[in-house]
Amino acid sequence: MEANTRSTGRLPAAFLTPGSSSFMDFLSDHQPAMLPGNRQLPPTQGVIEAPHGTTIVAVTFPGGVVLAGDRRATMGNVIAQRDIEKVFPADEYSAVGIAGTAGLAVEMVKLFQLELEHFEKVEGAQLSLEGKANRLSTMIRSNLGMAMQGLAVVPLFAGFDVDRGEGRIFSYDVTGGRSQEHGYAATGSGSVFARGAMKKLFHDGLTEAEATTLVVQALYDAADDDSATGGPDVARRIYPIVTVITEDGFRRLTDDESSEIARSILERRLQQPDGPRAALL
0 MEANTRSTGR
10 LPAAFLTPGS
20 SSFMDFLSDH
30 QPAMLPGNRQ
40 LPPTQGVIEA
50 PHGTTIVAVT
60 FPGGVVLAGD
70 RRATMGNVIA
80 QRDIEKVFPA
90 DEYSAVGIAG
100 TAGLAVEMVK
110 LFQLELEHFE
120 KVEGAQLSLE
130 GKANRLSTMI
140 RSNLGMAMQG
150 LAVVPLFAGF
160 DVDRGEGRIF
170 SYDVTGGRSQ
180 EHGYAATGSG
190 SVFARGAMKK
200 LFHDGLTEAE
210 ATTLVVQALY
220 DAADDDSATG
230 GPDVARRIYP
240 IVTVITEDGF
250 RRLTDDESSE
260 IARSILERRL
270 QQPDGPRAAL
280 L
């Protein structure tokens, strides 16, 4: 295909022929080797050491959903990166948080963004939130071969459903199995601790401000017990990435907004190191 393009100076016929609205289907037909799941890995002995992203959390509130992630990537017992970004907009009304093998996860997100953009250009309309969640499920399933070799990608998908008028969260397993989560969800190495924090603090009437504080509280608790999760780093001015998705679209909190939330939590933790306590009754 590339040689033909260079010799004629024109796009190959495949680019000009109407076809599927799925960019992944287009690649499968014309350049299958470019799909991440189709790459052949050499035989390996032992576990491949690659940077891994860790904890992602999400919380719904009336009118939207908050998706957040810590900033640490680890490689075995080593901190590979302190300021990695793990939360990305998928389109105007949805976002993806990545956990697992960082390099493959970021590549998958970029392909997912392109998939949604391609569909919108071809069809003239956006996929439903359910449709987006299904497309991501298919992409995760295509990575199963690499996951079996220890290079898994397990994202968390959240968005505002314009048809229902509410925020929704979808979690996945390494096989691409998809589940809708109600209220809150977490994935990654610190997810057990983050989910425990959210379980005690979540309620149906959260405001947007309370929801953004809740996700940072959950990430703080995860970092407290999971060495692969990074908490707010005041010295380096590195704070969790917090995003909000409502009927107005995707919005990422500024560094000043994130730092204000983190600093207020740190001040309160000086009095209560284990964080806020839920009522017994």
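For the sequence shown, position 167 matches number 166 in numbering that gives the first Met the number 0, and the numbering has no gaps at all. Note that beta-carbon positions come from the ideal geometry of N, C-alpha and C, so glycine has one too.
inquiry  = Using only CA atoms, which one of Arg134, Ile264, Lys198 and Leu200 lies nearest to Tyr171?
reply    = Looking from the CA of Tyr171, the closest CA among Arg134, Ile264, Lys198 and Leu200 belongs to Arg134.
task = Please classify Gly52: is it buried, with 16 or more other beta-carbons within 10 angstroms of its beta-carbon, or exposed?
result = That one is buried.
request  = Tell me, to the nearest whole angstrom, how far the beta carbon of Arg250 is from that of Thr242; I am working on the premise that it is less than 8 Å.
outcome  = Right, the Cβ-Cβ distance comes to about 7 Å (below 8 Å), so this counts as a contact.
task = Decide if Met107 is buried, meaning its Cβ has at least 16 other Cβ atoms within 10 Å, or exposed.
result = So Met107 ends up on the buried side.
key: Proximity of Ala146 and Ser188 at Cβ, strictly below 7 Å   = It is not a contact, given that the beta carbons lie outside the stated cut-off.
task = Return the residue from the list Ile97, Glu209, Arg140 and Ala101 that minimises the CA-CA distance to Arg177.
result = Answer by Cα proximity: Arg140.
query = Taking C-alpha atoms, which residue in Leu205, Ala277 and Asp220 lies nearest to Ile264?
reply = When only C-alpha atoms are compared, the closest one is Asp220.
message = Is the beta carbon of Ile55 closer than 7 Å to that of Ala94?
response = Going by C-beta atoms, Ala94 is not nearer than 7 Å to Ile55.
request  = Could you please give the first and the last residue of the uninterrupted alpha helix (DSSP H) stretch that includes Asp223?
outcome  = Residues Glu207 to Asp224.
query = Taking the C-alpha atoms as reference points, what is the distance between Thr174 and Phe87?
reply = Roughly 22 Å between the two C-alpha positions.
message = Assuming Val108 is part of the alpha helix (DSSP H), what are its boundary residues?
response = Where Val108 is concerned, the enclosing alpha helix (DSSP H) starts and stops at Ala101 to Glu122.
key: Assigned exposure category for Arg138 - 16 Cβ within 10 Å defines buried   = The question names Arg, but residue 138 in the sequence shown is Met. It counts as buried.
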